[in-house]
Amino acid sequence: MFCSECGQQLPDDARFCGVCGAPVNRSDAPPPAGAPLVPPPGATEPPAVQVATPREPTIPPPPSPPERVSAYGSYGPAAPQPPKKGHAAVWIGIAAAVVIIALAVAVPLIVLAGDDDEPASTTTVSQPPSSTVPTNSSTSVAPTSTSVFSSTSTSVAPSTTITPPGVPGDSEGEWVRMDLPGLPAPARGVSASDRALLLEVETGDGRELYAYMLDLGTVIELPVSASEFYGEDIDGLLAIWWEGEYDEESGRYHDERLYAFRLPDGPKVEVVARTGMFYPLVAGQWITWVEGEPWEENPEEYWLLRVLGTKIDSNGSPQSEPVELVPSATAFALGDSVWTYDLSETHITWEQSTAVGLYEAGTYVMDLSALQPLVVGNEAWRPSLGDGKVAYFQDGLKTVDLATGQVQEIDAAGDFPTATSTYVAYFRSTQSDDQSAYEVVARGYNGKHEQALGLHSDPPWLSPLIAASESHVAFAADGLAHVFEWQGR
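Per numbering that gives the first Met the number 0, the sequence shown starts with residue 0, numbered consecutively.
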């Protein structure tokens with residue numbers, strides 16, 4: 000299907016052209032099965048994609064990072080967000096937002112790097128190739144129209160039924176703990192791809208950022224030049240992170256940069272320089288980040304967040320100016336509430352804590368080419384994107400297929416998912432001797448394999464996130480990174 004105005008090729012389910020903004024005549028194109036279209040009240044023709052303009056940020060009190068790592072962090076880099084999987088969901092905690100927000104007051108400037116292609120300095124330590132040992136436990140734009148996924152649900156019972164080999168996490172096989180000599184510790188958190196790990200490691204005078212090459216067993220200290228860094232993420236061999244300088248006297252960050260680094264040798268590429276960036280994600284041709292401020296209609300209870308992004312090349316160099324993908328996400332600013340968004344190569348998903356404009360409360364997902372938001376559910380929360388699926392919590396852990404709209408229950412006791420194309424890793428609440436504990440579980444979408452990989456005494460919102468790639472699961476506990484690799488049979 001092609002745009003009648005500019006000739007741009009469009010997805011079959013597009014509602015308007017992502018290039019020129021022209022609406023698509025849908026008279027001869029039925030909506031996808033399981034996803035009936037429900038336009039919000041007052042929907043009009045789509046606006047064009049807007050280039051993200053800097054905004055004057057608010058002046059927060061000086062940050063005071065928490066004593067322990069929270070899986071949620073806060074709005075801004077002052078309270079660190081533990082690393083995640085490559086293009087994993089970002090969970091942002093709200094409880095300390097009023098105190099710990101780190102947004103500078105200078106008007107931000109967009110700085111696009113085009114000439115920074117000299118190799119950066121890194122430290123490499125060779126290690127023996129990794130081996131494995133078995134684990135012991137096994138078991139924008141504003142929306143012009145939205146679509147509600149079908150409420151049809153199917154439950155998946157636990158099973159060990161054999162499926163054809165080669166499907167990680169959902170066939171005959173097992174997750175095997177990897178023995179990785181020289182893995183840096185103590186680890187506050189870990190990100191994972193099938194090629195490398197990113198580890199945020201505590202040192203005597205601060206923190207350092209390391210990469211561990213899974214195929215070679217080598218450790219690389221990444222070239223962080225500022226005194227503070229947060230929000231690291233990885234996709235394949237492309238690592239990204241935020242770094243900046245904090246001024247104790249003014250209580251503000253300055254010289255904030257978002258960097259990309261292609262392992263193992265770089266170069267270190269400046270993606271963008273803006274004030275008040277936090278929680279970057281990378282997937283495919285996109286890098287995204289979040290900016291926010293108290294919502295003027297109710298600043299005591301809500302923050303208004305916007306998600307911005309830029310397309311990149313294989314080294315992370317930006318190929319366009321930043322654009323605003325999600326203009327008005329809302330997040331609670333009080334209590335233990337959290338807000339999350341996630342990025343895949345083709346989609347972005349986010350939460351709305353309360354209604355703003357055409358967005359009602361709930362979870363949304365949007366194709367990055369069609370730019371048409373779809374409603375996952377008005378009671379759906381904590382979404383994570385896999386290939387063609389969104390995992391989320393709604394009275395238990397569920398998934399929705401983006402092609403068919405079919406909803407599937409994964410685990411009635413599951414929550415805080417990290418989704419991949421064939422399985423989902425998550426926390427499952429258990430009860431023992433009047434004490435709550437939380438299993439780290441990996442389970443296939445078809446229920447053909449389920450395995451408990453570890454046990455946390457701390458609740459998920461006080462634990463680093465689970466990282467997951469197509470054939471690896473990793474999480475940090477007790478200062479160590481626990482890494483598992485799928486071995487089929």
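Where is the CB? At the ideal position from N, CA and C, for every residue including glycine.
Note that the coordinates shown come from a computational prediction; the quantities given were computed from them, not determined experimentally.
7 Å Cβ shell around residue i - same chain, five flanking residues per side excluded
i           : result
residue 471 : 191, 193, 482, 483 and 484
residue 422 : 167, 168, 169, 441, 442, 443 and 444
residue 458 : 437
residue 353 : 301, 329 and 360
residue 276 : 241, 255, 257, 288 and 290
Cβ neighbours of residue i in the same chain (closer than 6 Å, five flanking residues each side left out)
i           : result
residue 556 : Coverage of the chain is limited to positions 0 through 488, which leaves residue 556 absent and any answer about it impossible.
residue 314 : 261 and 268
residue 243 : 225, 227, 252, 254 and 255
residue 454 : 436 and 438
residue 223 : 208 and 242
residue 342 : 86, 280, 282 and 287
Contact belief for residue i with residue j at Cβ below 8 Å, rounded distance in angstroms
i           : j           : result
residue 363 : residue 374 : 6 Å
residue 258 : residue 268 : 7 Å
residue 427 : residue 440 : 5 Å
residue 304 : residue 330 : 6 Å
residue 233 : residue 272 : About 21 Å separates the two Cβ atoms, so there is no contact after all.
residue 389 : residue 348 : 6 Å
residue 486 : residue 175 : 5 Å
residue 385 : residue 418 : 3 Å
residue 219 : residue 263 : 6 Å
Coil, strand or helix - residue i by DSSP
i           : result
residue 294 : coil
residue 372 : strand
residue 463 : coil
residue 486 : strand
residue 421 : coil
residue 274 : coil
residue 317 : strand
residue 454 : strand
residue 241 : strand
residue 447 : coil
residue 148 : Its pLDDT being 42, under 50, residue 148 is placed unreliably in this model, and the value from its coordinates should be taken loosely. Coil, per DSSP.
residue 166 : coil
residue 324 : strand
residue 412 : coil
residue 345 : coil
residue 396 : strand
residue 279 : strand
residue 479 : strand
residue 441 : strand
Whether residue i touches residue j by CB criterion (8 Å)
i           : j           : result
residue 281 : residue 239 : yes
residue 288 : residue 301 : no
residue 442 : residue 415 : no
residue 228 : residue 208 : yes
residue 283 : residue 323 : no
residue 467 : residue 424 : yes
residue 172 : residue 448 : yes
residue 480 : residue 189 : yes
residue 245 : residue 89  : no
Per DSSP, cross-strand counterpart(s) of residue i
i           : result
residue 362 : 350 and 376
residue 221 : Answer is none; residue 221 lacks a bridge partner.
residue 198 : 189 and 209
residue 383 : 390
residue 471 : 484
residue 330 : 302
residue 431 : 434
residue 498 : The structure shown has nothing for residue 498, since the chain only spans 0 to 488.
residue 269 : 258
residue 307 : 288 and 323
residue 489 : Any question about residue 489 goes unanswered here, given that the chain covers just 0 to 488.
residue 232 : 239
residue 405 : Answer by DSSP bridge pairing: none, since residue 405 is not bridged.
Same chain, Cβ closer than 8 Å to residue i, five either side skipped, listed in chain order
i           : result
residue 393 : 376, 378, 379 and 380
residue 204 : none
residue 387 : 400, 401, 402 and 420
residue 512 : Nothing can be reported for residue 512, as the shown portion of the chain is limited to 0 through 488.
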